[in-house]
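Structure record follows, encoded as structure tokens.
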Amino acid sequence: MQVKLVGVQRVNFTNNSGEVIKGTKLFCEFKDENVEGLKTNAFFIKPEIKIPECKINDVIELSFNMNGKVEKIDKA
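So the sequence shown is numbered by this note's numbering: it starts at 2 and just counts up by one.
Structure, rendered in structure tokens:
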């Protein structure tokens with residue numbers, strides 16, 4: 002799915018269970034046939050997934066696995 006990158010947030014915290022959560026949140030805009038205009042969503046990216054060098058407003062390609070989690074990111 003091609004999306005336009007509109008924000009990036011680094012995540013590093015400990016949840017209530019004591020588990021350390023690290024990764025990156027990508028805030029993206031994309032077309033959705035059920036929404037008039039563009040839809041915005043945040044996607045959590047685990048540290049082991051390589052994020053290409055990109056800037057705000059760049060178009061990137063997100064690939065998802067069978068569980069709906071981001072598996073791969075490419076620069077479009």
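Just so it is clear, CB atoms sit at the ideal spot from N, CA and C, and this is done for glycine as well.
Excluding five sequence positions before and after residue 43, the CB atoms of its chain that fall closer than 6 Å to its own CB belong to 26, 28, given in chain order. Per DSSP, the beta-bridge partners of residue 42 are 29.
Contact annotation: the stretch 16-23 does not touch the stretch 49-65, with fewer than three C-beta pairs closer than 8 Å.
Residue burial is scored here from C-beta neighbours: residue 57 has fewer than 16 other C-beta atoms within 10 angstroms and is therefore classed as exposed. Pairing residue 60 with residue 10 gives a Cβ-Cβ distance that is not under 8 Å.
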